[in-house]
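J.:
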Amino acid sequence: WALKSIILFAFQNGLLKFLEQTQKNMSFPNGVPICLHLSGIGWFDQRLKNVLGFIWPFAAGHRPDLSLVGLALVGAFGSTWFLVVMESLRIGNQGTWASHIMIPGIFIFDHSQGLMMPLYFLFHLYFVPEGASLIIDSIDARAIMASFVVGYLLPIGAHALPAPSMITVARKQTLIGWYQLWHIYIFVCHLAFAKVIGQFFDPVSTPIWYHRFMYLFAFSLAAVPHICVVFLSTLAAIYPGLFAKDAARRMHPRNVFSLTSPWSGKKAPSMDEGLKWLLQWDVLISSLAVLSWSLTLLVRCRMMFDQPVHWGSLVAKIILASVVSSPAGAAVLLMWERDEMVL
15 WALKSIILFA
25 FQNGLLKFLE
35 QTQKNMSFPN
45 GVPICLHLSG
55 IGWFDQRLKN
65 VLGFIWPFAA
75 GHRPDLSLVG
85 LALVGAFGST
95 WFLVVMESLR
105 IGNQGTWASH
115 IMIPGIFIFD
125 HSQGLMMPLY
135 FLFHLYFVPE
145 GASLIIDSID
155 ARAIMASFVV
165 GYLLPIGAHA
175 LPAPSMITVA
185 RKQTLIGWYQ
195 LWHIYIFVCH
205 LAFAKVIGQF
215 FDPVSTPIWY
225 HRFMYLFAFS
235 LAAVPHICVV
245 FLSTLAAIYP
255 GLFAKDAARR
265 MHPRNVFSLT
275 SPWSGKKAPS
285 MDEGLKWLLQ
295 WDVLISSLAV
305 LSWSLTLLVR
315 CRMMFDQPVH
325 WGSLVAKIIL
335 ASVVSSPAGA
345 AVLLMWERDE
355 MVL
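Numbering (my numbering), first residue to last: 15 to 357.
(1) Is the beta carbon of residue 339 less than 8 Å from the beta carbon of residue 236?
(2) For the candidate residues 357, 37, 50, 345, whose alpha-carbon lies nearest to that of residue 193?
(3) Which residue from 46, 203, 90, 115 puts its Cα closest to that of residue 74?
(4) Among 177, 333, 320, which residue has its Cα nearest to the Cα of residue 355?
(5) Report yes if the C-beta distance between residue 128 and residue 299 is below 8 Å; otherwise report no.
(6) In whole angstroms, give me the CA-to-CA distance for residue 58 and residue 71.
(7) Specify the secondary structure class of residue 363 as computed by DSSP and reduced to three states.
(8) Would you identify the three-state DSSP class for residue 340, choosing helix, strand or coil?
(9) Expressed to the nearest angstrom, what Euclidean distance is found between the alpha-carbon atoms of residue 346 and residue 90?
(10) Going by C-alpha to C-alpha distance, which of 289, 315, 352 sits closest to residue 27?
(11) Tell me whether residue 47 sits in a helix, a strand or coil according to DSSP, three-state version.
(12) Taking the CB atoms as reference points, tell me whether residue 37 and residue 67 lie closer together than 8 Å.
(13) Less than 7 Å between C-beta atoms, sequence neighbours within five positions excluded: which residues of the same chain meet that for residue 61?
(14) Could you work out which residue in 18, 43, 158 is closest to residue 287 when comparing CA atoms only?
(15) Kindly identify the DSSP beta-bridge partner or partners of residue 41.
(16) Have a look at 160, 238, 271 and flag the residue whose alpha-carbon is nearest the alpha-carbon of residue 251.
(17) How is residue 117 classed by DSSP in three states: helix, strand or coil?
(18) Compare the Cα-Cα distances from residue 87 to each of 341, 297, 201, 65 and report the closest residue.
(19) For residue 165, which residues in the same chain have their Cβ closer than 6 Å to its Cβ, ignoring the five residues on either side in sequence?
(20) State the DSSP-derived secondary structure class of residue 77, mapped to helix, strand or coil.
(21) Let me know the beta strand (DSSP E) ranges lying completely inside the segment 249-301, each 3 residues or longer, listed in chain order.
(22) Could you tell me which residues DSSP pairs with residue 104 in its beta bridges?
(23) Which of the three DSSP states is assigned to residue 161 in this structure?
(24) Can you tell me where the alpha helix (DSSP H) holding residue 169 begins and where it ends?
(25) Please state the DSSP three-state secondary structure of residue 246.
(26) Between the Cα of residue 65 and the Cα atoms of 208, 257, 188, 263, which residue gives the shortest distance?
(27) Note down the Cα distance separating residue 134 from residue 141, rounded to an integer number of angstroms.
(28) Using alpha carbons as the reference points, say which of 352, 170, 244 lies closest to residue 309.
(29) Which same chain residues, not among the five before or five after residue 265, have their C-beta less than 7 Å away from its C-beta?
(30) Leaving out the 5 sequence neighbours to the left and right, which residues in its chain are closer than 8 Å to residue 17 when beta-carbon positions are compared?
(31) Compare the C-alpha of residue 7 against each of 117, 110, 275, 156 and name the closest.
(32) With residue 210 as the anchor, note down where its alpha helix (DSSP H) starts and where it stops.
(33) Could you check the C-alpha separation between residue 305 and residue 336 for me, to the nearest Å?
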């Protein structure tokens, strides 16, 4: 489904041709030139420009529907990757496949999270041993949130700065293009914070309240952007007079949340529209993947402790949490529930 909805659909609806033309012209369809600062290394610079071509329309601010879809991605992916990093730090996973997330991070960014996240979670379910300790070292627990603030949230926030009023177009494009190394930035920040924190604290098992704090942070990563997107989109539908006419039309829920079927045969009328279709499917598929993964881990845990699974209440909880905080937020709550059972 991910291959059809993301890769093949982008080819069939003409999005890839739009992107190729953008690279050829060294400018976006609305006339904004590609002017980011490059490294001088041919293959790497091409990657920077490719990344910029995908992300710039969501950060440029010229289409509010794209900005809202991009904000949804920030929340869903941030919380999902936070769960992945948490799994890599658990004492019982050290030395296993789950503790090595650098390579998966590269593939996720290069080939879309909607395509690679389901594969990662499938590998995790099959190759990570069950019953291993879920405890996270206290130093890592203290460092993980700071590393996400500095390595993820602050750079993403810089993408939202308006250009050229607050930041030059070239500098903003450079920030966006170079952010393809996001997983390395988070990793380096985590190492640095852990090194500093280790000078003041001993590495001991983390109490359950600190695990709760980490999950609250991850849940906030998912819920806050989701609530903002839903609120603004709903507001534009109920009180369109609060916005410019074109902005209200684009922010309407049918333009932000409705999906274009990859089997529809529709052609993207513009690069912006094609990118929106791609990212909508990317967010949905990756969010459902992390939700399925967390549900499987929770059910496994309940079976391990001979506890019954009340599917009716569990499904109701998932639906309610997904509406309030997105499917990624619901996944965080399921993982949180698993830890509460074990720790």
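Using N, Cα and C, we set each Cβ at its ideal position, and we do this for glycine too.
No experiment lies behind these values; they were computed from the predicted model shown.
T.: Taking the coordinates as given:
(1) yes
(2) 50
(3) 46
(4) 320
(5) yes
(6) 21 Å
(7) As shown, the chain starts at 15 and ends at 357. That puts residue 363 outside it, with no answer to give.
(8) helix
(9) 10 Å
(10) 289
(11) strand
(12) yes
(13) 194
(14) 43
(15) 47
(16) 271
(17) helix
(18) 297
(19) 199, 200, 203
(20) coil
(21) none
(22) 150
(23) helix
(24) 168-173
(25) helix
(26) 188
(27) 10 Å
(28) 352
(29) 78, 79, 82, 246, 247, 250, 257
(30) 129
(31) Residue coverage of the chain in this structure runs from 15 to 357, which leaves residue 7 outside it and unanswerable.
(32) 196-212
(33) 9 Å
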